[in-house]
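Peer 1:
Residue numbers (our numbering): 4 to 176.
Set out below in structure tokens:
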């Protein structure tokens, strides 16, 4: 309905000619349960909270939260990001929600200890994205994230948003 990859590729090229780089948005935690990957792996990969309940985006949304510690999720999303970025010649890719670090997964079927924090999975995901882009010949494609990452994750990213920017001293930014 939006014109497809060919139209997006043309628009990204037009923007690039005008000196405007284009970044593609990818949700780092949510998948729609009705999508192909949601139907195949959503239930097995779903983040489990401390009460043992599956985590969903609020308001009856069909979007489920995926545990970032699952290697298959990391490989799937990184592969999709690289393939789409290559297909449309985007100059950057964005991992939404990464860096906040406020999630824990209490599943006992994901290969991690119940209650494991998200940050190690986010770091591995960002590394997978970088490697997938590099393998796709997109070494110059930037990877950015929503929140400033922890120090150990910084080498995996080229940029991050900072919600404190509106309160920052411009002399220090």
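Using N, Cα and C, we set each Cβ at its ideal position, and we do this for glycine too.
Fair warning: this is a prediction, and the values are worked out from it, not measured in the lab.
Among 164, 108, 24, 79, which has the Cα closest to the Cα of residue 143?
Peer 2: When each option's Cα is compared against that of residue 143, the closest is 24.
Peer 1: Does the beta-carbon distance from residue 67 to residue 11 come in below 8 Å?
Peer 2: In this structure, residue 11 does not lie closer than 8 Å to residue 67 by Cβ.
Peer 1: If you pair each beta-carbon of the region 85-105 with each one of the region 27-42, do three or more pairs fall below 8 Å?
Peer 2: As far as the Cβ criterion goes, the region 85-105 touches the region 27-42, which means the pair count is three or higher.
Peer 1: Measure the alpha-carbon distance for residue 173 versus residue 113 and round it to whole angstroms.
Peer 2: Roughly 44 Å separates the two Cα atoms.
Peer 1: Nearest CA to the CA of residue 107: which residue from 70, 16, 128?
Peer 2: Of the candidates 70, 16, 128, the one whose C-alpha sits nearest the C-alpha of residue 107 is 70.
Peer 1: Mind checking whether residue 169 and residue 131 have CB atoms under 8 Å apart?
Peer 2: No, the Cβ-Cβ distance between residue 169 and residue 131 is not below 8 Å.
Peer 1: Rank 117, 129, 35, 167 by C-alpha distance to the C-alpha of residue 63 and give the top, closest one.
Peer 2: For residue 63, the nearest C-alpha among the options comes from 35.
Peer 1: Cα separation between residue 122 and residue 104?
Peer 2: Between residue 122 and residue 104, the C-alpha separation is close to 6 Å.
Peer 1: Grab me the residues of residue 100's own chain with a C-beta within less than 6 Å of its C-beta, minus the 5 sequence neighbours each way, in chain order.
Peer 2: 31, 32, 149.
Peer 1: From residue 16 to residue 118, what distance separates their C-alpha atoms?
Peer 2: Those two C-alpha atoms are separated by around 45 Å.
Peer 1: Among all the DSSP beta bridges, which residues are the ones paired with residue 72?
Peer 2: Bridge partners of residue 72: none, in fact.
Peer 1: In chain order, which alpha helix (DSSP H) runs of at least 4 residues are fully inside the region 9-78?
Peer 2: With a minimum length of 4 residues, no continuous alpha helix (DSSP H) run stays inside the region 9-78.
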